[in-house]
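Novice: Before I ask anything, let me first share the structure, which is written out below as structure tokens.
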Amino acid sequence: EDQVTQSPEALRLQEGESSSLNCSYTVSGLRGLFWYRQDPGKGPEFLFTLYSAGEEKEKERLKATLTKKESFLHITAPKPEDSATYLCAVFYGGATNKLIFGTGTLLAVQP
Amino acid sequence: EAGVTQFPSHSVIEKGQTVTLRCDPISGHDNLYWYRRVMGKEIKFLLHFVKESKQDESGMPNNRFLAERTGGTYSTLKVQPAELEDSGVYFCASSQDLGPPNYGYTFGSGTRLTVV
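Residue numbers (the numbering used here), protein chains in the order written: chain A, 1 to 111; chain B, 1001 to 1116.
In structure tokens:
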């Protein structure tokens, strides 16, 4: 069964304390992996798309990487405004365009 | 560019009543998706429209849910009759391309449905 698992469920960091979030997946025929940020009361906001193992993308303090079994979202020197839920979703195409989401990691960055 | 708009933002209804959610995608986006997040669970796919046609409705829970997209513009998702387990946040998303878009899908802020 296609599955996306994110860990940890929640993470509390001090401002400036770097860390990584994990997204592991068991999906056959992966065509893309998305990272989203979600703030309370809002919809998921797109961060990155990764297509193949070894690919990396960066945006400000965030860097996403992809292997054949998992993806990491590295947060370098986080600030309180980085506090949010980070969602991972996989896309495997075929006859469907649907995304399969993980349950997310709730990140809290304390000043 | 206006984003994906959903309304109402919140709805509280009694079990057995009918509720209709509406989604206005980004103008020009042929692809429209409905997703749902039930408390404590992951966001799950409900269905996908390409213009006015249902491309994939494999995620629709049962026949109490009816989605339409008139003229390929806005979409509605009707729940009739609503049950307690239908409570959750319903998200709509849209995209221009059919394949995995480089920019991801654009999501609306969601409709929080509470069935009491």
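Built from N, CA and C at the ideal position, the CB exists for glycine as well.
Can you check whether the C-beta of residue 1108 of chain B is within less than 7 Å of a C-beta belonging to chain A?
Specialist: Residue 1108 of chain B counts as touching chain A.
Novice: By DSSP's criteria, residue 1056 of chain B is part of a beta bridge. Which residues make up the other side?
Specialist: B:1048
Novice: Could you please give me the residues that DSSP links to residue 1089 of chain B through a beta bridge?
Specialist: DSSP, once it has assigned bridges, lists B:1037, B:1112 as partnering residue 1089 of chain B.
Novice: Verify whether the separation of the beta carbon atoms of residue 1117 of chain B and residue 1106 of chain B is less than 7 Å.
Specialist: No information on residue 1117 of chain B is available, as it lies outside the stretch 1001 to 1116 that chain B covers here.
Novice: Taking contact to mean at least 3 C-beta pairs separated by less than 8 Å, is the stretch 1016 to 1025 of chain B in contact with the stretch 63 to 71 of chain A?
Specialist: With fewer than three CB-CB distances shorter than 8 Å, the stretch 1016 to 1025 of chain B does not count as touching the stretch 63 to 71 of chain A.
Novice: May I ask you to verify whether the stretch 1043 to 1052 of chain B touches the stretch 1066 to 1080 of chain B, counting CB pairs closer than 8 Å and requiring at least 3?
Specialist: yes
Novice: What separation, rounded to the nearest whole angstrom, lies between the Cα atoms of residue 103 of chain A and residue 11 of chain A?
Specialist: Their backbone Cα atoms lie some 14 Å apart in a straight line.
Novice: Could you list which residues in chain A have their beta carbon closer than 8 Å to that of residue 1041 of chain B, in chain order?
Specialist: Near residue 1041 of chain B (Cβ distances below 8 Å), the residues of chain A are 103.
Novice: Just the Cα atoms here: how many angstroms apart are residue 1020 of chain B and residue 44 of chain A?
Specialist: 22 Å
Novice: By Cβ distance, which residues of its chain are closer than 7 Å to residue 1056 of chain B, with the 5 residues on each side in sequence left out?
Specialist: Taken in chain order, the residues that qualify are 1047, 1048.
Novice: Helix, strand or coil: which one does DSSP assign to residue 45 of chain A?
Specialist: strand
Novice: Across the stretch 24 to 37 of chain A and the stretch 86 to 93 of chain A, are there enough close Cβ pairs to call them in contact, namely three or more that are closer than 8 Å?
Specialist: Taking 8 Å as the limit for Cβ pairs, the verdict is that the stretch 86 to 93 of chain A does touch the stretch 24 to 37 of chain A.
Novice: Considering residue 65 of chain A, what are the terminal residues of the beta strand (DSSP E) in which it resides?
Specialist: 62 to 66
Novice: Kindly list, in the order they appear in chain A, the residues whose Cβ is closer than 9 Å to that of residue 1048 of chain B.
Specialist: At a C-beta separation below 9 Å, residue 1048 of chain B has these neighbours in chain A: 96, 97, 98.
Novice: Where does residue 13 of chain A sit, in a helix, a strand or coil, going by DSSP?
Specialist: The answer is strand: DSSP assigns residue 13 of chain A an E or B state.
Novice: Assuming residue 1108 of chain B contacts residue 1092 of chain B (C-beta within less than 8 Å), just tell me the rounded distance between them.
Specialist: 5 Å
Novice: List the DSSP bridge partners of residue 32 of chain A.
Specialist: A:91
Novice: Kindly list the residues whose CB is nearer than 8 Å to the CB of residue 27 of chain A, restricted to its own chain and excluding five residues on each side of it in sequence; keep chain order.
Specialist: Within its own chain, the residues whose Cβ lies closer than 8 Å to the Cβ of residue 27 of chain A, once the five positions on either side in sequence are excluded, are 2, 3, 4, 90, 92, 100, listed in chain order.
Novice: Taking residue 30 of chain A as the reference, give the member of A:6, A:19, A:66 with the closest Cα.
Specialist: A:66
Novice: Roughly how many angstroms separate the alpha carbons of residue 1067 of chain B and residue 62 of chain A, rounded to a whole number?
Specialist: Note on geometry: alpha-carbon atoms of residue 1067 of chain B and residue 62 of chain A lie some 37 Å from one another.
Novice: Assuming contact is defined by CB atoms lying nearer than 7 Å, are residue 76 of chain A and residue 21 of chain A in contact in what I supplied?
Specialist: No, the Cβ-Cβ distance between residue 76 of chain A and residue 21 of chain A is not below 7 Å.
Novice: With a threshold of 7 Å between beta-carbons, can residue 1091 of chain B be considered close to chain A, or not?
Specialist: Yes, residue 1091 of chain B lies at the interface with chain A (some Cβ there is under 7 Å from its Cβ).
Novice: Note down, in chain order, every chain B residue with its Cβ under 7 Å from the Cβ of residue 44 of chain A.
Specialist: 1107
Novice: Determine, for residue 85 of chain A, whether the minimum Cβ-Cβ distance to residues of chain E falls below 7 Å.
Specialist: Included in the structure are the protein chains A and B, with no chain E among them.
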